[in-house]
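**Q** Following this message is one structure expressed as structure tokens.
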Amino acid sequence: ETGVTQTPRHLVMGMTNKKSLKCEQHLGHNAMYWYKQSAKKPLELMFVYNFKEQTENNSVPSRFSPECPNSSHLFLHLHTLQPEDSALYLCASSQDIQGSGNTIYFGEGSWLTVV
Amino acid sequence: EDQVTQSPEALRLQEGESSSLNCSYTVSGLRGLFWYRQDPGKGPEFLFTLYSAGEEKEKERLKATLTKKESFLHITAPKPEDSATYLCAAFSGNQFYFGTGTSLTVIP
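Residue numbers (our numbering), protein chains in the order written: chain A, 1 to 115; chain B, 1001 to 1108.
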């Protein structure tokens, strides 16, 4: 059983819909991440939160809106997405964002299809 | 430019046929080299972290090694259940740089 839980595992949404992805980590970590994984591409870092504060936003379009209410929960709010946004969205956590012993642990991912 | 390159892109092995996967990195100030295993439709599962050149780590049929320019994941006598995509990532500064992975298929 993974220490990082994502829901839903699969989501199909229309281009005008609004939906949210949810992530919860049970590892006592302080940093949480959203990554996008597309076929044949390296994982793309989208957002980083450290102690609930957003520390990184890698030029992600505003149709993706993160929310981190506490260090255990992370959301990704989705609205007016495009078909090219279809991908596997991975949530991850680590003890913090500093230090060399900074292993990232991933959730199972949320498969998003935009139609 | 900081980047990580994995080769080969895909590898098919007969059960019991040992081989190695390569992860080359060009990042300044490497703080850790990570290996993950990813099964289809699932998130990456952590395997190893290597911190300095010459370091080696083993887990069952897998052994990871690190030099100043690359890391290898050696698979000894693989089994069909070792079939997966293997990802490596270099940690530098406060960023992880991921490769595109090697898709390994082990044929019975």
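The beta carbon of each residue, even a glycine, is placed where N, CA and C say it ideally should be.
Just so it is clear, the structure is predicted and the values come from calculations on it, not from any experiment.
1. Which chain B residues are close to A:E24, counting only those with a beta carbon under 8 Å from its beta carbon?
2. Hey, quick one: how far does the beta strand (DSSP E) through B:A1077 stretch, first residue to last?
3. Using only CA atoms, which one of B:A1010, B:L1030 and B:L1011 lies nearest to B:D1002?
4. Output needed in chain order: residues of the stretch 15 to 45 of chain A with a Cβ under 8 Å from some Cβ in chain B.
5. Rounded to whole angstroms, what is the Cα-Cα separation between A:H67 and A:L76?
6. 8 Å is my cut-off, CB to CB: does B:T1100 come that close to chain A?
7. If you run the structure through DSSP and keep just helix, strand and coil, what is A:P61?
8. Measuring alpha carbon to alpha carbon, tell me which residue in B:E1015, B:S1052 and B:L1087 is nearest B:Q1006.
9. For A:H79, which residues of its own chain have a beta-carbon under 6 Å away from its beta-carbon, when the five flanking residues on both sides are left out?
10. Which residues does DSSP list as the beta-bridge partners of A:L74?
11. Applying the 10 Å Cβ sphere with the 16-neighbour rule, what's the burial state of A:L21?
**A** The relevant details are as follows:
1. Here residue 24 of chain A corresponds to residue number 24 of the first sequence, with the count starting at 1. Per Cβ cutoff of 8 Å: no residues; A:E24 is ~14 Å from chain B at best.
2. Looking up residue 1077 of chain B in the second sequence gives position 77. Careful: B:A1077 lies outside any beta strand (DSSP E) and carries neither H nor E.
3. Taking the second sequence and counting its residues from 1, one reaches residue 1002 of chain B at position 2. Of the listed residues, the one whose Cα sits closest to B:D1002 is B:L1030.
4. K40, K41, P42, L43 and L45
5. Translated into the one-based positions of the first sequence, residue 67 of chain A becomes position 67. Translated into the one-based positions of the first sequence, residue 76 of chain A becomes position 76. For the sequence presented, residue 67 of chain A should be read as Glu rather than His. Approximately 6 Å, taken between the alpha carbons.
6. Along the second sequence, read from residue 1 onward, the residue named residue 1100 of chain B stands at position 100. Yes, its Cβ sits closer than 8 Å to a Cβ of chain A.
7. In the first sequence, residue 61 of chain A corresponds to position 61, counting from 1. Residue state, collapsed to three classes: coil.
8. Within the second sequence, numbered from 1, the residue matching residue 1006 of chain B stands at position 6. Of the candidates B:E1015, B:S1052 and B:L1087, the one whose C-alpha sits nearest the C-alpha of B:Q1006 is B:L1087.
9. Taking the first sequence and counting its residues from 1, one reaches residue 79 of chain A at position 79. So the list reads K18 and R63, once near-sequence residues are dropped.
10. Start at 1 with the first residue of the first sequence, and residue 74 of chain A comes out as number 74. Note: A:L74 sits in a beta bridge opposite A:C23.
11. Translated into the one-based positions of the first sequence, residue 21 of chain A becomes position 21. Buried, because 16 or more other Cβ atoms sit within 10 Å of the Cβ of A:L21.
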